[in-house]
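Novice: This is the structure I want to talk about, given as structure tokens.
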Amino acid sequence: MMTSLGLETGRRGLILGGAALLTVPATARAQGSAPSTVIDITKARTDPIPIAVPALAGGGRGADISRVIQANLRNSGLFRPVDNAAFIQSGEAAAATPRFQDWRTIGANALVTGRVEDLGGRLRVEFRLWDVLPEQQIQGTAFTAPAAQWRRIAHLISDVIYERLLGEKGYFDTRIVYVAESGPRDRRVRRLAIMDQDGENNRFLTDGSFQVLSPRFHPNAQQIVFMSYFQNQPRVYLFDLNSGRQEVLGSFPGMTLSPRFSPDGRTVVLSYAQGGDANIFAVDVGSRSQRQLTSGGGLDVSPSYSPDGSQIVFNSDRGGDQQLYVMGAGGGGARRISFGRGRYATPVWSPRGDLIAFTRISGGQFGIGVMRPDGSGERILSEGWGMEGPTFAPNGRVLAFYRESRASGARGEGYSSRLAQIDIAGFNERQMVTPTDATDPSWSPLLA
Amino acid sequence: MNTKILGALGALALLAACSSEDTAATGASTGAGGAGGMGGAGMGAARPGSQEDLVASVGDRVFFDTDSTQVRGDGRSTLERQAAWLARYPNVTVYMEGHADERGTREYNLALGQRRANSARDLLVAGGVSGQRIQTISYGKDRPAALGSDDASWAQNRRAVTTVR
Chain A
509 MMTSLGLETG RRGLILGGAA LLTVPATARA QGSAPSTVID ITKARTDPIP IAVPALAGGG
569 RGADISRVIQ ANLRNSGLFR PVDNAAFIQS GEAAAATPRF QDWRTIGANA LVTGRVEDLG
629 GRLRVEFRLW DVLPEQQIQG TAFTAPAAQW RRIAHLISDV IYERLLGEKG YFDTRIVYVA
689 ESGPRDRRVR RLAIMDQDGE NNRFLTDGSF QVLSPRFHPN AQQIVFMSYF QNQPRVYLFD
749 LNSGRQEVLG SFPGMTLSPR FSPDGRTVVL SYAQGGDANI FAVDVGSRSQ RQLTSGGGLD
809 VSPSYSPDGS QIVFNSDRGG DQQLYVMGAG GGGARRISFG RGRYATPVWS PRGDLIAFTR
869 ISGGQFGIGV MRPDGSGERI LSEGWGMEGP TFAPNGRVLA FYRESRASGA RGEGYSSRLA
929 QIDIAGFNER QMVTPTDATD PSWSPLLA
Chain B
3 MNTKILGALG ALALLAACSS EDTAATGAST GAGGAGGMGG AGMGAARPGS QEDLVASVGD
63 RVFFDTDSTQ VRGDGRSTLE RQAAWLARYP NVTVYMEGHA DERGTREYNL ALGQRRANSA
123 RDLLVAGGVS GQRIQTISYG KDRPAALGSD DASWAQNRRA VTTVR
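Protein chains in written order, with the working numbering: chain A, 509 to 956; chain B, 3 to 167.
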């Protein structure tokens, strides 16, 4: 039952004390016929699911938790949380017994109820997801966690709702690591920063005394690999989120850049500048042995593994200008996959394996797009003066990237860089909230 | 970066070093390390062998065409003068910084900047400077000298800058 929620308590010192299904019938029912509220994502794009999330009962964090859930669901573009002002029954009363007629009347197809219990420093939050039309419970789960972690409980509940109603895993219990930018562009201060996917709990990981770029998560979400200019030596480093420890990865005499972990976390693939060229290398994180994967006589950068670890997509100008190439993870046999108009860069393989997202520069415009791994089915999702660096949410349905606005004056007036996200169908583009300008987002896997 | 360069002085020298760049001396130019501040010695008073001296006497930077990593003809003569200047100060070691304009992606531009730094370094070495004295470093598009989003600014940003360590 716990696995069905994607919870693996204890293994990584998770803060959650445990989760339990409250009732069995929901699970049993799910095996028979799907809840009537369940629709596919394609339909939810045009017709977001109306859902009511009243304040959880018990006071305290109840209202806060429901607000976070509402924001998550609304931001996905696939749900339409009903305005609290329309509620007829209170969350307190609904937690005891939902009066389904009251929720039908205000147009909710799904209802979330729950109760928060303060266990003295810890919270126990039980929640139930209801299918309003047949008046049936779809899911009931209880979470226990330190009170300070109430937001995580809200994200976990959001993920359960997303998965039960859309039939796909959610992406709310995740974090984003990025480069926080401040100051004028010629003296930009760049710091590693990390935040929850909704922009909360922002924290700076480095102090800005050396430049950092290109942070990427380890598949366990506890480590980051990034590029640092510490002591004026641009190199790829590992950063441990628990200890704050940083260490150089590999023993390359020159610049290493654009690192990314393999799906099993055992290897980092990166680019190493050798003379006038740049080649892709794989570094074994345990033994630190390093292996050269390309020697194409061009600038080979931005490698990204396929989710099964068998292939690597990367960016190379070996054919004259920047294009995307795919090769086996052991190197060799690279074949070009991008053939549209323009230059292609920053490829990143979807965790679902079905798509590669990229940056395209064409006709003076930058765009974020996706194509299938064989190069077919190219779609540009967003286009503008400046944008790059897509990263997939762990369910492969949403991309985060960064957008730059054009400087309007000679002193860089009007320039900004902000994080944005967009559904892979090309809808629901929204700016993400960060305390400073931001670039180079990397989306974590699900934390639990 | 720990380099120090004078805004006004840098701009003057820049004008001298690359007269083919009609926009090279705009007020937005801030010099190699991006310190951009004013102050220090006036023209002609730079300490011999210092960054200020390099800028004032031979010019600290060369420019590149879009997507090109070949030093242009005007840049080659700048690098010849830099090699002669470095021969006068055998104890000076330098960074050769490679840069790119903002119309490319960050990671590719880091590699492009590295290639530009290497091209410029190779010409210094060809001019007799020991390769041991030159450390290349690339900032890609992340340390622009000119802050505008226009052709003139981009022309100034596609550059390799020699900075005294």
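Idealized CB from N, CA, C, for every residue including glycine.
Here's the rule: buried if 16 or more other CB atoms are within 10 angstroms of the residue's CB, otherwise exposed. What is T554 (chain A)?
Specialist: By the 10 Å Cβ count, T554 (chain A) comes out exposed.
Novice: Tell me which residues share the same chain as R698 (chain A) and place their Cβ nearer than 6 angstroms to its Cβ, disregarding the 5 neighbours each side in the sequence.
Specialist: Closer than 6 angstroms at Cβ, skipping near neighbours: V687, E689, Q719 and V720.
Novice: Does the CB of L515 (chain A) have a neighbour CB from chain B at under 8 angstroms?
Specialist: With a pLDDT of only 32 at L515 (chain A), under the threshold of 50, the placement of this residue in the model should not be trusted, and no figure is reported.
Novice: Let me make sure I understand the geometry here. Which of B:V166, B:N159, B:R167 and B:V163 has the alpha-carbon closest to that of R693 (chain A)?
Specialist: Comparing Cα-Cα distances from R693 (chain A) to each of B:V166, B:N159, B:R167 and B:V163, the minimum goes to B:N159.
Novice: Taking the straight line between their C-alpha atoms, what separation do you get for F847 (chain A) and G875 (chain A)?
Specialist: Looking at the two C-alpha atoms, the distance is approximately 15 angstroms.
Novice: For a contact defined as C-beta to C-beta under 7 angstroms, what are the partners of Q134 (chain B) on chain A?
Specialist: Residues of chain A passing the Cβ test: none, with the nearest at roughly 13 angstroms.
Novice: Closer than 7 angstroms by beta-carbon distance: list the chain A residues that pair up with A122 (chain B), in chain order.
Specialist: Ordered by position in chain A, no residue passes the 7 angstroms Cβ test against A122 (chain B), which lies about 11 angstroms from the chain.
Novice: Could you work out which residue in A:M763, A:H726, A:P654 and A:L757 is closest to N750 (chain A) when comparing CA atoms only?
Specialist: Selected option, being the one with the closest Cα: A:H726.
Novice: CB-CB under 8 angstroms to R108 (chain B), same chain, minus the five flanking residues each way: which ones, in chain order?
Specialist: Counting only Cβ-Cβ distances below 8 angstroms, and skipping sequence neighbours, we find G142, K143 and D144.
Novice: Which class does R938 (chain A) belong to by DSSP, given the choice of helix, strand or coil?
Specialist: Three-state result, R938 (chain A): strand.
Novice: Please report the residue range of the alpha helix (DSSP H) in which F900 (chain A) lies.
Specialist: Taken as a continuous stretch (DSSP letters only), F900 (chain A) belongs to no alpha helix (DSSP H), being part of the beta strand (DSSP E) at G894 to F900.
Novice: My understanding is that Q730 (chain A) touches L746 (chain A), with C-beta atoms under 8 angstroms, so please give their C-beta distance in whole angstroms.
Specialist: Their Cβ separation, rounded to whole angstroms, is 11 angstroms, which puts Q730 (chain A) and L746 (chain A) out of contact at 8 angstroms.
Novice: By the 8 angstroms beta-carbon criterion, what residues does the stretch 857–870 of chain A contribute toward chain B?
Specialist: Within the stretch 857–870 of chain A, the residues whose Cβ lies closer than 8 angstroms to some Cβ of chain B are T867 and I869, listed in chain order.
Novice: Mind listing, in chain order, the continuous beta strand (DSSP E) runs of no fewer than 3 residues lying wholly within the stretch 807–860 of chain A?
Specialist: Entirely contained in the stretch 807–860 of chain A, the beta strand (DSSP E) runs reaching 3 residues are, in chain order, 808–813, 819–824, 831–836 and 851–857.
Novice: Can you list, in chain order, the residues of its chain whose CB lies under 7 angstroms from that of A837 (chain A), leaving out five sequence neighbours each side?
Specialist: Excluding residues within five positions, the ones whose Cβ falls inside 7 angstroms are Y813, G817, S818, Q819 and I820.
Novice: According to DSSP, simplified to helix, strand and coil, what is F65 (chain B)?
Specialist: Reduced to three states, the DSSP call for F65 (chain B) is strand.
Novice: Please list, in chain order, all residues of the same chain as D704 (chain A) whose beta carbon is under 6 angstroms from its beta carbon, the five residues on each side excluded.
Specialist: Once the five neighbours on either side are set aside, the close Cβ partners of D704 (chain A) are R683.
Novice: Since S858 (chain A) contacts V809 (chain A) with CB under 8 angstroms, what's their CB separation in whole angstroms?
Specialist: Not confirmed; about 20 angstroms, so no contact.
Novice: List the residues of chain A that R145 (chain B) touches, going by C-beta distances under 8 angstroms, in chain order.
Specialist: Chain A residues near R145 (chain B): D694 and R696.
Novice: When the Cβ atoms of the stretch 555–575 of chain A are set against those of the stretch 584–592 of chain A, are three or more pairs found closer than 8 angstroms?
Specialist: Short answer: they touch.
Novice: Please give the ranges of any beta strand (DSSP E) in the stretch 599–648 of chain A, keeping only runs that are unbroken, at least 3 residues long and fully inside the region.
Specialist: Complete beta strand (DSSP E) runs here, min 3: 618–626 and 630–639.
Novice: Between B:L149, B:S155 and B:A128, which has its C-alpha nearest A89 (chain B)'s C-alpha?
Specialist: Answer by Cα proximity: B:A128.
Novice: L979 (chain A) to D681 (chain A), Cα distance in whole Å?
Specialist: It is not possible to answer for residue 979 (chain A), since the shown part of chain A is limited to 509 through 956.
Novice: Less than 8 angstroms between the beta carbons of T71 (chain B) and S140 (chain B), yes or no?
Specialist: Going by C-beta atoms, T71 (chain B) is not nearer than 8 angstroms to S140 (chain B).
Novice: Let me know the secondary structure DSSP gives I573 (chain A) once reduced to three states.
Specialist: Three-state result, I573 (chain A): helix.
Novice: According to DSSP, simplified to helix, strand and coil, what is A30 (chain B)?
Specialist: Summary for A30 (chain B): the model assigns pLDDT 36, below 50, so the residue's position carries little reliability, and this model does not support an answer.
Novice: With 7 angstroms as the limit, tell me which residues of the stretch 825–854 of chain A have their beta carbon closer than that to any beta carbon of chain B; keep them in chain order.
Specialist: Within the stretch 825–854 of chain A, the residues whose Cβ lies closer than 7 angstroms to some Cβ of chain B are Q830, A853 and T854, listed in chain order.
Novice: Taking all protein chains shown into account, decide if N111 (chain B) is buried (16 or more other Cβ within 10 angstroms of its Cβ) or exposed.
Specialist: By the neighbour-count rule (16 or more Cβ atoms within 10 Å), N111 (chain B) is buried.
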